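Taking it in order: structure first as structure tokens, then the write-up.
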Amino acid sequence: AQTVTQSQPEMSVQEAETVTLSCTYDTSENNYYLFWYKQPPSRQMILVIRQEAYKQQNATENRFSVNFQKAAKSFSLKISDSQLGDTAMYFCAFMKFTSGTYKYIFGTGTRLKVLA
Amino acid sequence: ETGVTQTPRHLVMGMTNKKSLKCEQHLGHNAMYWYKQSAKKPLELMFVYSLEERVENNSVPSRFSPECPNSSHLFLHLHTLQPEDSALYLCASSQEGRSNGYTFGSGTRLTVV
Numbered sequence: 007a008q009t010v011t012q013s014q015p016e017m018s019v020q021e022a023e024t025v026t027l028s029c030t031y032d033t034s035e036n037n038y039y040l041f042w043y044k045q046p047p048s049r050q051m052i053l054v055i056r057q058e059a060y061k062q063q064n065a066t067e068n069r070f071s072v073n074f075q076k077a078a079k080s081f082s083l084k085i086s087d088s089q090l091g092d093t094a095m096y097f098c099a100f101m102k103f104t105s106g107t108y109k110y111i112f113g114t115g116t117r118l119k120v121l122a
Numbered sequence: 435e436t437g438v439t440q441t442p443r444h445l446v447m448g449m450t451n452k453k454s455l456k457c458e459q460h461l462g463h464n465a466m467y468w469y470k471q472s473a474k475k476p477l478e479l480m481f482v483y484s485l486e487e488r489v490e491n492n493s494v495p496s497r498f499s500p501e502c503p504n505s506s507h508l509f510l511h512l513h514t515l516q517p518e519d520s521a522l523y524l525c526a527s528s529q530e531g532r533s534n535g536y537t538f539g540s541g542t543r544l545t546v547v
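The listed protein sequences correspond, in order, to chains A and B.
Mapped onto the numbering used here, the consecutive letters of the first sequence carry residue numbers 7 to 122.
Mapped onto the numbering used here, the consecutive letters of the second sequence carry residue numbers 435 to 547.
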């Protein structure tokens, strides 16, 4: 069975600094997708970044980038130039195609606080 | 708004009450989902509807009853709930067959007293 582990329940970072959130997963699949979602106090889950497992190049979206290590089954999120609006829960998620549909497995989340 | 709207935003109900949660999407998606989010736990998938047919029910107690009358609307009917059912209930939608991820609503915070 697939699992997703986020070992950092809470983190904090100074505004304008860089922070890295860790995520590891366990799977025997070769083709899958990985995601980071952000859940601010408004509670809506917002897609931050997506990585296809067959692509070696790390995904980047503005200040957000990932370090995808397929062999190590690691998928960390780096936030550069942190902003107060980045304060949120961050969820790592694994997705695979099975039985005709895409299915997610989520981690337990990391609560990030950006300090002024 | 996000494209996925959930109402009500907050709900407090007694264990003998009957209530319903509503989810609506105008993104043209053909799959909709109910998730339960509890503190310090991964999101739990409750129900999946694809093309208005239920395709998955992850062993959810019968006190939760979903309804999907069309591709834009999804309901979760609640009756005789327990205090441990208190959680954030999230609705999401997607286009089946695409790996772009889901679009989530802002959830209904449910408290069972």
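Each residue gets a CB set at the ideal place from its N, CA and C atoms; glycine is no exception.
Model, not experiment: these values are computed from the prediction.
Same chain, Cβ closer than 7 Å to GLY437 of chain B, neighbours up to 5 away in sequence not counted: By one-based count along the second sequence, residue 437 of chain B stands at place 3. Excluding positions up to five away in sequence, the list reads GLN459, HIS460, LEU461 and THR537.
Per-residue burial, GLY91 of chain A [other beta carbons within 10 Å of its own, 16 or more giving buried]: Mapped onto the first sequence, residue 91 of chain A falls at position 85. Label assigned to GLY91 of chain A: exposed.
Residues bridged to THR66 of chain A (per DSSP): Stepping through the first sequence from its first residue, residue 66 of chain A is reached at position 60. THR66 of chain A pairs with A:SER71.
Integer Cβ distance of GLN45 of chain A from ALA99 of chain A, believed to fall under 8 Å: Within the first sequence, residue 45 of chain A is the residue found at index 39, counting from 1. Within the first sequence, residue 99 of chain A is the residue found at index 93, counting from 1. Not a contact, Cβ separation roughly 12 Å.
Within 8 Å, strictly: CB atoms of GLN8 of chain A and THR33 of chain A: Translated into the one-based positions of the first sequence, residue 8 of chain A becomes position 2. Translated into the one-based positions of the first sequence, residue 33 of chain A becomes position 27. Cβ distance < 8 Å, so GLN8 of chain A and THR33 of chain A count as in contact.
Per-residue DSSP class, three states only, for LEU515 of chain B: Looking up residue 515 of chain B in the second sequence gives position 81. LEU515 of chain B: coil per DSSP, three-state reduction.
Under 8 Å from the C-beta of GLY113 of chain A: neighbouring residues of chain B: Here residue 113 of chain A corresponds to residue number 107 of the first sequence, with the count starting at 1. Ordered by position in chain B, the residues that pass the 8 Å Cβ test against GLY113 of chain A are PRO476.
beta-carbon PRO517 of chain B near the ligand FMN non-hydrogen atom, thresh 7 Å: This structure lacks the ligand FMN; in fact it carries no ligand of any kind.
Bridge partners - ASN504 of chain B, DSSP secondary structure assignment: Sequence index remark: in the second sequence, residue 504 of chain B carries index 70 (1-based). Answer by DSSP bridge pairing, in chain order: B:HIS507.
Distance between LEU515 of chain B and ILE38 of chain A (C-alpha atoms, nearest Å): In the first sequence, the residue the question calls residue 38 of chain A occupies position 32. In the second sequence, the residue the question calls residue 515 of chain B occupies position 81. The displayed chain sequence assigns Tyr, not Ile, to residue 38 of chain A. Each residue's alpha carbon lies about 36 Å from the other.
THR107 of chain A and GLU530 of chain B closer than 8 Å at C-beta: Walking along the first sequence from the start, residue 107 of chain A turns up at place 101. Walking along the second sequence from the start, residue 530 of chain B turns up at place 96. Yes, these two residues count as a Cβ contact at 8 Å.
Residue-chain proximity (GLU530 of chain B, chain A), Cβ-Cβ < 8 Å: For the purposes of this step, residue 530 of chain B is identified with residue 96 of the second sequence, where counting begins at 1. So yes, GLU530 of chain B belongs to the interface.
Straight-line gap, LYS475 of chain B to VAL10 of chain A (C-alpha atoms, nearest Å): If you number the second sequence from 1, residue 475 of chain B lands on position 41. If you number the first sequence from 1, residue 10 of chain A lands on position 4. Taking the straight line from one Cα to the other gives about 11 Å.
Contact check, VAL446 of chain B vs ALA465 of chain B, beta carbons under 8 Å: By one-based count along the second sequence, residue 446 of chain B stands at place 12. By one-based count along the second sequence, residue 465 of chain B stands at place 31. No. Outside cutoff.
Beta-bridge pairing of SER80 of chain A - partner residues as DSSP gives them: Start at 1 with the first residue of the first sequence, and residue 80 of chain A comes out as number 74. Partner(s): A:THR30 and A:GLN75.
Sequence-distant residues of the same chain with beta carbon closer than 7 Å to GLU35 of chain A, five excluded per side: Taking the first sequence and counting its residues from 1, the one referred to as residue 35 of chain A is at position 29. So the list reads LYS102, once near-sequence residues are dropped.
Nearest-angstrom Cβ-Cβ length linking SER520 of chain B and HIS463 of chain B, presumed shorter than 8 Å: Here residue 520 of chain B corresponds to residue number 86 of the second sequence, with the count starting at 1. Here residue 463 of chain B corresponds to residue number 29 of the second sequence, with the count starting at 1. Actually they are not in contact, since the Cβ atoms of SER520 of chain B and HIS463 of chain B sit about 28 Å apart, beyond 8 Å.
Proximal residues to GLU478 of chain B (C-beta, below 6 Å), its chain only, five neighbours per side dropped: In the second sequence, counting from the first residue as 1, residue 478 of chain B sits at position 44. These residues qualify, in order along the chain: LYS470.
PHE538 of chain B at chain A interface by Cβ criterion, 8 Å: For this step, residue 538 of chain B is matched to residue 104 along the second sequence. Cβ-Cβ to chain A under 8 Å: yes for PHE538 of chain B.
Cβ-based burial, VAL54 of chain A [other Cβ within 10 Å; buried from 16]: Position 48 of the first sequence, counting from 1, holds the residue named residue 54 of chain A. Buried, since its Cβ has 16 or more Cβ neighbours within 10 Å.
GLN20 of chain A, buried or exposed, once every other Cβ within 10 Å from all chains shown has been counted against 16: Your numbering for residue 20 of chain A matches position 14 in the first sequence. GLN20 of chain A comes out exposed.
Buried or exposed by the 16-neighbour rule on C-beta atoms within 10 Å, applied to GLY448 of chain B: To locate residue 448 of chain B, count along the second sequence from 1; it is residue 14. By the neighbour-count rule (16 or more Cβ atoms within 10 Å), GLY448 of chain B is not buried but exposed.
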